[in-house]
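For the record, the sequence lines run as chains H and F. In this text, residue positions in the first sequence follow our numbering: the first is 1, and each later residue adds one. In this text, residue positions in the second sequence follow our numbering: the first is 115, and each later residue adds one. Notes to accompany the following structure.
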Amino acid sequence: EAGVTQSPRYAVLQEGQAVSFWCDPISGHDTLYWYQQPRDQGPQLLVYFRDEAVIDNSQLPSDRFSAVRPKGTNSTLKIQSAKQGDTATYLCASSFRGHNQAPLFGEGTRLSVL
Amino acid sequence: AQSVTQPDARVTVSEGASLQLRCKYSYSGTPYLFWYVQYPRQGLQLLLKYYSGDPVVQGVNGFEAEFIKSNSSFHLRKASVHWSDSAVYFCAVSATGNTGKLIFGLGTTLQVQP
Chain H
1 EAGVTQSPRY AVLQEGQAVS FWCDPISGHD TLYWYQQPRD QGPQLLVYFR DEAVIDNSQL
61 PSDRFSAVRP KGTNSTLKIQ SAKQGDTATY LCASSFRGHN QAPLFGEGTR LSVL
Chain F
115 AQSVTQPDAR VTVSEGASLQ LRCKYSYSGT PYLFWYVQYP RQGLQLLLKY YSGDPVVQGV
175 NGFEAEFIKS NSSFHLRKAS VHWSDSAVYF CAVSATGNTG KLIFGLGTTL QVQP
């Protein structure tokens with residue numbers, strides 16, 4: 001069974017540029033999460049979806065970040081006008097609805113904003 | 115609000131020695147608890163999880179953890195470490211019934227010396 005797939009693996013930007021990250025969850029998983037992991041820190045939830053609906057985006061900086069999951073499968077996280085403080089690894093995870101379902105993570109996208 | 119404290123930023127042990135990585139959580143209800151491991155330039159891999167029942171849970175690769183409610187702890191243990199166990203270990207907590215919205219600690223870097 002294929003795991004969570006993310007692309008690209010790495011991205012390097014100048015401040016002010018835009019970037020998009022793509023995530024393909026495990027087949028059949030209806031819940032998808034985006035986490036941000038700054039260097040030497042634990043992951044922090046940005047947003048999560050159940051099917052195509054946003055369940056919680058309270059930690060997503062809405063002025064520059066956006067996330068969509070239009071068909072309830074793949075998802076895209078976009079940063080408009082990146083800042084140096086956005087430098088981090090962006091992790092996608094997925095799980096199946098229901099109790100006792102731990103999220104399973106992809107390998108992440110490492111973003112450097114210069 | 116939930117929180118996780120991993121008091122040891124770095125732990126060094128010799129190969130073959132036993133291991134304990136400490137984790138304390140804060141949550142007013144009954145928590146769901148997790149340990150994940152992160153190898154260099156990779157995503158997080160689930161080691162084990164606790165939802166209910168036997169407070170000692172077994173995970174992959176010989177890892178286990180014990181939930182001690184009175185102490186709000188969920189320490190990770192291994193009887194004999196191997197050099198390949200060198201990695202960053204994260205403890206996480208979530209609210210009952212919302213297993214995907216994880217709150218992570220800062221992580222503990224484990225270095226196993228030959």
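All residues carry an ideal CB built from backbone N, CA and C; glycine is no exception.
- Annotation for H/D51: D30, G72 place their beta carbon closer than 6 Å to its own, counting only its chain and skipping 5 residues before and after.
- In this structure, the alpha-carbon of F/K138 lies about 25 Å from that of H/T89.
- Within 7 Å of the CB of H/A102, the CB atoms of chain F belong to F148, L160, K163, T213, in sequence order along the chain.
- H/Y90 has a beta carbon lying at 8 Å or more from every beta carbon in chain F.
- Judged by beta-carbon spacing, F/S142 lies beyond the 8 Å limit of F/I217, meaning their Cβ atoms are not closer than that value.
- Using a Cβ-Cβ distance cut-off of 8 Å, the stretch 179 to 186 of chain F and the stretch 76 to 91 of chain H are not in contact, since fewer than three pairs of beta carbons, one from each stretch, lie closer than that value.
- Considered as a whole, the stretch 84 to 109 of chain H harbours 88 to 95 as its complete beta strand (DSSP E) runs of no fewer than 3 residues, in chain order.
- For the C-beta of H/T31, the chain F residues within less than 7 Å are, from N- to C-terminus, G214.
- For the stretch 32 to 55 of chain H, the beta-carbon criterion of a distance under 7 Å to any beta-carbon of chain F is satisfied by Y33, Q41, G42, P43, L45, Y48.
- Distance between F/L190 and F/W149, taken at the CA atoms: about 8 Å.
- For the pair H/S112 and H/V19, the CB atoms are not nearer than the 8 Å cut-off.
- Under the three-state reduction of DSSP output, F/V195 falls in the coil class, being neither helix nor strand.
- Residue contact check for H/F21 against chain F: no CB pair falls below 8 Å.
- Closest option to F/R124, judged by alpha-carbon separation, among H/D24, H/D56, H/Q41, H/S66: H/Q41.
- Cα atoms of H/P43 and F/G130: separation of roughly 30 Å, rounded to the nearest angstrom.
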